Structure formats: structure tokens, C-alpha cells
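Right, one structure below, let's go through it.
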Amino acid sequence: YNLAISMTANEVNPFWLRSSMVKFQLGNIKDGFDLLKRVENRFPEAPEVRAAYATFLAAIGDQIAAQRKYLEIPDRQRLKYIDQDYLQRVVSWPPAMIDGVSK
């Protein structure tokens, strides 16, 4: 991911979301969150981006902002992000992200 991102540093791509989640999984929350902020600037309405952003906010201890961000997701979409099967099999979130979003 890092090499691909460095080659397209001026052009935010959806796969950057996956890279930020990998960084989260590896415990590199700061760099993952920095990358996710760039993705969120480019794709602010995407439910998966909002759910990931909420998870990062919760991880850094800002529960109120995390809840606010999570509630920005439309109701039907929001239900998907509490479904463990959806997170594991459909969007393939890493275990640490799944644990984080369930909090």
C-alpha cells in the first residue's frame, strides 16, 4: 500500500481506506488516521469512510465525536456496520477495526 500511495500521493484513491485500516490493525493509529482524513476529504459521504472515521475517533478517545460521525451514516447503512458478518465477509475489515466499531 505504501508504495502505491507514494506513487499517487496527489491523487486520493479509495484503496487508501484499506491502507489506513491496515495501519490501524498494526497499531499505527496516527498515520492511519492521517491517511483516513485525506480519504474522508475526497469521499465525505461514503458510509464506510464515515464508519472507519468513527472507529479511529473512538480509538483516540473521542467518543462523542465518534458517535456523531457514526450517526452521520444513513440508518439502513448504519445497521451494516454493527453486523460482524458484513464487516468480515463483505467489506473485509481487519479484526482491530471490527472490534473498534463495535464499541
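Reading the sequence shown from the start, the letters are residues 305 to 407 in the working numbering. All residues carry an ideal CB built from backbone N, CA and C; glycine is no exception. A quick note: this is a predicted structure, and the numbers were derived from the prediction, not measured.
Between the alpha carbons of Trp397 and Ile368 lies a gap of roughly 23 Å. Inclusion of Ile377 and Pro348 in the CB contact set at 7 Å is not warranted, their separation being larger than that value. Rounded to the nearest angstrom, the gap between the Cα atoms of Gly336 and Asp389 is 24 Å. Put simply, the backbone Cα of Tyr357 is about 15 Å away from that of Val395. Judged by beta-carbon spacing, Tyr385 lies within the 7 Å limit of Ala355, meaning their Cβ atoms are closer than that value. Nearest to Asn317 by alpha-carbon distance, out of Asp338, Arg342 and Lys334, is Arg342. Lys327 sits in a helix when the DSSP states are folded into three classes. Distance from the CA of Phe328 to the CA of Gly365, rounded to the nearest whole angstrom, comes to 14 Å.
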